[in-house]
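Visitor: Residue numbering for the sequence shown follows my numbering, beginning at 11 and increasing consecutively.
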Amino acid sequence: MEKACKKCRVIIAQGDVCPICGASEMTLKWSGYVVIMNVEKSELAKKLGINANGTYALSINA
Ligand SMILES: [Zn+2]
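(1) Are the CB atoms of Val20 and Gly73 within a distance shorter than 8 Å?
(2) Is any heavy atom in ligand 1 found nearer than 7 Å to the beta carbon of Lys56?
(3) If you measure from each CB to the nearest heavy atom of ligand 1 and keep those under 6 Å, what residues do you get, in chain order?
(4) Give every residue of the same chain whose Cβ lies closer than 7 Å to the Cβ of Ala23, excluding the five residues on either side of it in the sequence, and list them in chain order.
(5) Only counting the same chain, and skipping five residues up and downstream in sequence, which positions put a Cβ closer than 8 Å to that of Cys31?
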C-alpha cells in the first residue's frame, strides 16, 4: 500500500524516506488524492502549501 509523508503529504509507492522533504515519517492513514503537475501555477498547491510537483494526500489522519 502507498504511504504518505507526514510532513509534506507526498505519496510514495515504496521506500521509507520522502523524496521531497527527506523526512522518514510515513503513514498509511491518509485520504484523498491530489496530483500537482505545475506547482508554480497551481492555486491548489499554494493552498495546500505544496512546493514540488507530485502526488499528494489531501489529508493525513495520523
Ligand atoms: Zn515529505
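All C-beta atoms, glycine included, are put in the ideal place defined by N, C-alpha and C. As the structure is a computational prediction, the values presented were derived from the model and not from experiment.
Guide: In this structure, then:
(1) Residue 73 is absent from the model: the chain starts at 11 and stops at 72.
(2) Here residue 56 refers to the residue found at position 46 of the sequence shown. The nearest non-hydrogen atom of ligand 1 is 7 Å or more from the C-beta of Lys56.
(3) The filter returns Cys15, Lys17, Cys18, Val20, Cys28, Ile30, Cys31 and Ala33, in chain order.
(4) In the sequence shown, counting from the first residue as 1, residue 23 sits at position 13. Counting only Cβ-Cβ distances below 7 Å, and skipping sequence neighbours, we find Glu12.
(5) For this step, residue 31 is matched to residue 21 along the sequence shown. Only Cys15, Lys17, Cys18 and Val20 meet the Cβ criterion.
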